[in-house]
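Peer 1:
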Amino acid sequence: MTTGQTLRISQVGLRGVVGRGLSASHIMDFASAFGTFMEPGRPILLGRDPRASGRMIREGVVSALMACGHQVVDLGVASSPVIQHAIGRLDGAGGISISASHNASDWNALRFFGPSGVYLSSSEASELLDIYHLKKFRYHDWDKLGSLREDDTQLDAYLDDLARAYPLDRLRRFKVVVDCCNGTSSLILRRMNERFGCDFILINEKIGGAAFAHEPNTSCATVSLQLAPLVKPLGADAGFLFDADSDRVAFATEAGVPVSEEMVLPLLADYLLPKSTGKLVITNLSSSALLEEIASRHNSKVLRVPVGRQAAIDALSSYRPDQIALAGEGTGAVMMPQFRFVYDGIASMLAILSVLDERRQSLSRIMASYPPYSILKGELPITSSRIPALLMDLRHRYSDGAIDATDGLRVAWPDKWFHVRVSQTEPIIRVIAEQRGDPPAELFESLMDQVRSLR
Amino acid sequence: MAREHLLKIGVSGVRGVVGDFLTPGLALSFAQAFGTYVGRGRVVLGRDSRTSGPMLQHAVASGLLSTGCEVIDVGVLPTPTLQLYVAHTGAQGGISLTASHNPPEYNALKLFNKEGQFFNHYERSELIDLYHQGRFDEAMNHEIRHVRKEGDAALNIHTSKVLAHVDVELIRSKKFRVALDSVNGAGSVMSPGFLTSDLGCDLHAISIDPAKIFPRVAEPRPDTLDDLSELVTRTASAIGFAQDPDGDRLAVVDEHGNVLDNDDVLALVTKHVLPRFPGDVVVNLTTSSVMDDLAAAEGRKVWRTPVGEANVVEMMLAVKCAIGGEGSNGGIIFPAVHYCRDSYTGMAFLLEMMAQTGKTVSQLVDELPRYFRKLGKVTFGHGRLGNLMQALEENFPDATTDRSDGLKLSWADAWIHVRASNTEPLLRLAAEAKSLNRMEDLYGQVTRLLS
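In the order they appear, the protein sequences are chains H and L. The first sequence begins at 248 in this note's numbering and counts up by one. The second sequence begins at 47 in this note's numbering and counts up by one.
See the structure below:
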């Protein structure tokens with residue numbers, strides 16, 4: 248939905264509807280801030296998802312980085328994970344992914360990476376933001392300007408990395424239907440079919456960029472639009488769907504049943520924890536409590552942090568890599584140590600296929616092996632000035648549960664929990680309630696009523 | 047302290063020193079204003095060989111795409127070639143990234159309409175108002191178009207347009223030995239092929255690598271072309287050609303290695319063109335009276351304009367003319383090819399003139415009416431200009447005055463022209479007379495009055 252106020256400038260970067268909030272000059276200034284923030288010397292990598300506006304944004308970013316004296320390596324249309332891997336491989340100083348990821352086609356965004364393709368820490372991101380606001384950019388003189396090089400070899404190099412981390416010779420026997428949402432996954436999977444003889448059947452694989460067949464949103468509802476009905480007729484083992492920059496994934500079983508996006512992280516935790524006993528799972532306050540149940544089976548723990556990529560990244564950086572089993576969100580964004588702690592939908596899909604391979608069971612049977620959790624999600628507009636009072640009121644009312652107030656309010660009981668929080672991107676409040684077994688309808692409705700009454 | 051004009055934004059566009067002054071953001075905003083002004087369509091984008099060209103080109107491309115324009119990227123290309131291509135491809139307009147004859151630390155945006163010509167004075171004001179208002183057309187995702195690389199076609203179109211007006215076989219039959227200095231500029235991509243493959247010359251060229259920086263002062267003037275003079279002498283060439291970084295200006299070296307006065311270059315071409323093409327002559331106020339003599343001999347009229355290519359072109363479009371130009375800065379404008387300064391037209395006509403007459407360059411120059419000229423400049427303080435001009439006018443009560451661009455005082459045998467530079471805090475002086483003494487006397491009087 249395109250609302251009036253679409254420009255969002257925060258520590259996570261810059262995001263908005265192109266032409267209706269996000270302008271070429273915002274891009275120029277933000278890329279100049281990044282160019283000023285980074286020391287010239289090592290290359291800065293650049294890539295974009297297929298959105299048409301990415302062509303305009305790419306030109307501005309290239310200009311800003313060259314003006315700041317950087318060597319720019321442009322990967323063209325490339326997924327965020329491909330860019331992140333290439334930064335490490337080419338010993339880059341950092342990179343920029345031009346992608347609004349799971350948002351509608353008229354959105355776009357800049358996402359920034361540091362050395363090795365890591366996400367910027369909060370303190371780095373806030374320094375970048377300060378430079379952006381100060382608008383004093385370090386533009387170089389005519390004889391010290393940067394350069395541009397185009398590199399189309401990084402997709403294959405990324406696939407080499409994937410082939411080392413996952414047994415593609417075994418996984419390629421699975422027939423998989425993929426809804427590419429007209430995004431970068433189309434390029435990656437087409438190439439995997441060519442190189443490794445994989446059996447990915449692609450839909451919405453055109454990457455013209457003017458429009459997407461549907462929002463590239465990795466939710467159960469999007470999976471049910473076009474992908475799920477195709478899986479069974481095609482006799483496929485699974486169906487997967489990716490967002491535009493392929494860092495998130497959603498899926499459907501061989502029976503054509505869409506699986507909740509909440510299940511990606513628990514499924515992968517169950518796959519990885521036996522191989523990394525005692526290690527930590529990092530997730531946010533809004534994702535399924537099934538994780539705790541799975542973690543306890545493997546003597547592991549779940550660390551819950553505020554919602555948003557930045558909080559997960561900061562949590563990740565406060566542990567040693569070998570202490571962590573995996574990290575992710577209930578949105579289908581998962582990062583694994585096997586693949587450099589980069590949110591990567593393709594790697595997540597290969598891990599799920601590895602589960603099929605190891606257990607020699609259908610995806611339906613595997614999903615049926617988990618206890619049912621039912622989650623209800625809602626959102627309501629709210630006046631920002633009322634939020635503290637609302638949260639305090641809820642906190643008193645539900646004081647019998649375990650309270651976490653680090654991001655809105657999360658209250659947990661042994662068999663259920665709820666999380667009420669304010670969106671970072673829109674003036675709305677989100678209400679999420681989950682229960683082992685049946686949906687927590689009563690709790691959810693009561694929460695929604697309370698939020699409504701305070702508007 | 048003299049104020050340095052490190053950035054200039056005005057009706058002729060934006061020009062400045064790259065880095066702290068001419069920033070990518072500024073180029074972006076100007077491109078957005080341009081795209082908004084010309085409307086959604088094709089825009090041809092090219093540049094000279096300056097190091098800042100690629101950086102600025104990406105900024106301009108971003109601005110054009112953001113306003114819903116399609117960008118035709120022609121890369122490094124002479125400005126006249128780009129202008130011709132704009133008209134040829136049905137584009138909405140064109141942008142050439144070049145600071146022309148300015149030093150390498152400068153760059154600028156030259157803006158062209160859909161005919162590949164400068165916007166007229168009124169259009170330029172509208173464009174700058176749009177820039178200042180800062181409210182640009184913004185395309186949404188589905189309206190954003192592509193950057194397309196074209197360019198080779200542009201070279202062919204320009205070449206064939208020029209060659210259509212000369213006797214190519216005659217020139218080729220002479221196998222002229224020609225020296226060339228393209229200052230490693232945009233001319234480098236076109237001049238060698240033009241002079242050898244097309245005109246059959248035996249070419250000796252220096253500075254034809256656009257990947258390198260300018261090896262000499264960018265402006266082709268008598269005091270900057272020692273290398274070319276030496277090359278002409280060493281190779282016994284019949285003529286030497288020098289271009290500026292964007293290939294619109296031409297300077298010429300004769301067979302003895304002497305650099306011609308730029309006014310004489312324009313005069314030679316005019317003398318060659320007038321008998322064959324109908325129409326008047328348009329030049330700026332500082333161009334030599336040789337033009338009046340040549341036009342009178344053919345029964346044509348000379349129209350004078352304020353200094354500046356855009357002013358000359360605007361007048362040329364308003365009157366029927368055979369040729370135009372600006373003497374002192376090496377600009378030859380031949381409208382049958384295009385309404386723009388074009389070094390290639392100049393080269394072709396001079397070679398044809400040599401071929402047809404069988405004369406050397408120095409012989410041809412000697413046949414021109416003889417005038418003595420002197421150009422100079424003095425710095426001045428803001429606020430003093432009016433008094434200076436007034437003093438000059440009072441000092442020469444017998445002169446005819448023209449105040450359309452500074453002050454020009456004319457007599458039957460001489461003139462002086464004093465004007466404030468558009469780009470620097472300077473007064474530019476020019477004096478010309480039929481005798482050396484008369485010219486020196488006038489020039490001396492003016493400099494004394496101004497200092």
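Don't be surprised by glycine CBs; every beta carbon is placed ideally from N, CA and C. This one's a predicted model, so the numbers in the text were calculated from it and none came from an experiment.
Given that a residue counts as buried once 16 or more other Cβ atoms are within 10 Å of its Cβ, and exposed if not, what is M275 of chain H?
Peer 2: buried
Peer 1: Which of the three DSSP states, helix, strand or coil, is assigned to R218 of chain L?
Peer 2: helix
Peer 1: Beta carbons nearer than 8 Å to chain L: which residues of the stretch 637 to 648 of chain H have them?
Peer 2: Residues passing the 8 Å Cβ filter: none.
Peer 1: Just list the residues that DSSP pairs K54 of chain L with in beta bridges.
Peer 2: L:R61
Peer 1: Report yes or no: do three or more beta-carbon pairs, one from the stretch 178 to 194 of chain L and one from the stretch 107 to 126 of chain L, lie closer than 8 Å?
Peer 2: yes
Peer 1: Quick check on the DSSP output: what are the complete beta strand (DSSP E) runs of length 3 or more inside the stretch 261 to 330 of chain L, in order along the chain?
Peer 2: 285 to 289, 296 to 299, 326 to 330
Peer 1: Quick check on the burial criterion: 16 or more other C-beta atoms within 10 angstroms. Buried or exposed for Y168 of chain L?
Peer 2: exposed
Peer 1: So is S700 of chain H buried or exposed if we call it buried at 16+ other beta carbons inside 10 Å?
Peer 2: So S700 of chain H ends up on the exposed side.
Peer 1: Grouping DSSP H, G and I as helix and E and B as strand, with all else coil, what is A107 of chain L?
Peer 2: In the structure shown, A107 of chain L sits in a helix (DSSP, three-state: H, G or I).
Peer 1: Does the beta-carbon of N546 of chain H have 16 or more other beta-carbons within 10 angstroms, so that it is buried, or is it exposed?
Peer 2: exposed
Peer 1: Let me check one thing: in DSSP terms, what residues is T447 of chain L bridge-paired to?
Peer 2: L:L455
Peer 1: Report the rounded CA-to-CA distance for G345 of chain L versus V328 of chain L, giving the unit in angstroms.
Peer 2: 14 Å
Peer 1: Evaluate the contact criterion for the stretch 624 to 632 of chain H versus the stretch 518 to 526 of chain H: three or more CB pairs, one atom per stretch, below 8 Å.
Peer 2: The stretch 624 to 632 of chain H is not in contact with the stretch 518 to 526 of chain H.
Peer 1: Of all the CB atoms in chain H, is at least one closer than 8 Å to the CB of A185 of chain L?
Peer 2: Yes, contact with chain H.
Peer 1: Beta strand (DSSP E) containing D94 of chain L: first to last residue?
Peer 2: First-last for D94 of chain L: undefined, no H or E at that position.
Peer 1: Considering K480 of chain L, what are the terminal residues of the alpha helix (DSSP H) in which it resides?
Peer 2: Careful: K480 of chain L lies outside any alpha helix (DSSP H) and carries neither H nor E.
Peer 1: Mapping DSSP to helix, strand and coil, what is L742 of chain H?
Peer 2: Coverage of chain H is limited to positions 248 through 702, which leaves residue 742 of chain H absent and any answer about it impossible.
Peer 1: Would you identify the three-state DSSP class for P568 of chain H, choosing helix, strand or coil?
Peer 2: helix
Peer 1: Might you give, ordered along the chain, the residues of its own chain that have their beta carbon closer than 7 Å to the beta carbon of A445 of chain L, omitting 5 neighbours on each side?
Peer 2: L455, S456, W457
Peer 1: So that I know if they touch, is there some Cβ in chain L lying closer than 8 Å to that of R302 of chain H?
Peer 2: It does: the Cβ of R302 of chain H has a partner Cβ on chain L nearer than 8 Å.
Peer 1: Look up A460 of chain H in the DSSP assignment and say whether it is helix, strand or coil.
Peer 2: coil
Peer 1: Within 8 Å (strictly less), CB to CB, does E486 of chain L reach chain H?
Peer 2: no
Peer 1: With 9 Å as the limit, tell me which residues of the stretch 286 to 311 of chain H have their beta carbon closer than that to any beta carbon of chain L; keep them in chain order.
Peer 2: R298, A299, S300, G301, R302, M303, I304, R305, E306, G307, V308, V309, S310, A311
Peer 1: Compute the Euclidean distance between the alpha carbons of A476 of chain L and L488 of chain L, then round it to the nearest angstrom.
Peer 2: 10 Å
Peer 1: Determine whether the Cβ of H178 of chain L lies closer than 8 Å to any Cβ atom of chain H.
Peer 2: no
Peer 1: For S356 of chain L, collect the residues of the same chain with a Cβ closer than 7 Å to its Cβ; drop the 5 residues on either side in sequence, then sort them by chain order.
Peer 2: Sequence check: residue 356 of chain L is Ala here, not Ser. Here the set comprises S58, F164.
Peer 1: Mind pulling the chain H residues with CB within less than 9 Å of I190 of chain L?
Peer 2: The contacting residues are V265, G266, R298, A299, S300, G301, R302, M303, G456, A457.
Peer 1: For S98 of chain L, which option in H:T500, H:P463, H:S257, H:S310 has the closest C-alpha, if you only look at C-alpha atoms?
Peer 2: Measuring from the Cα of S98 of chain L, the nearest candidate turns out to be H:S310.
Peer 1: Given a limit of 8 Å on CB to CB distance, which residues of the stretch 271 to 282 of chain H reach chain L?
Peer 2: A271, S272, I274, M275, D276, S279
Peer 1: Does chain L have any CB closer than 8 Å to the CB of H387 of chain H?
Peer 2: yes
Peer 1: Mind pulling the beta strand (DSSP E) runs of 3 or more residues that sit fully within the stretch 367 to 453 of chain L?
Peer 2: 367 to 372, 377 to 379, 418 to 425, 446 to 448
Peer 1: Under 8 Å, Cβ to Cβ, is there at least one residue of chain L near L261 of chain H?
Peer 2: no
Peer 1: Taking 8 Å as the threshold, find out whether the stretch 500 to 514 of chain H comes into contact with the stretch 534 to 544 of chain H through three or more Cβ pairs.
Peer 2: yes
Peer 1: Comparing alpha-carbon positions, which option in L:G452, L:R181, L:I259, L:L130 lies nearest P381 of chain L?
Peer 2: Of L:G452, L:R181, L:I259, L:L130, the residue nearest in Cα terms is L:L130.
Peer 1: Three or more C-beta pairs closer than 8 Å, one from the stretch 231 to 248 of chain L and one from the stretch 290 to 297 of chain L: is that the case here?
Peer 2: yes
Peer 1: Quick one: which chain L residues come within Cβ less than 9 Å of L434 of chain H?
Peer 2: By Cβ distance, chain L contributes nothing, its closest Cβ being about 18 Å from L434 of chain H, past 9 Å.
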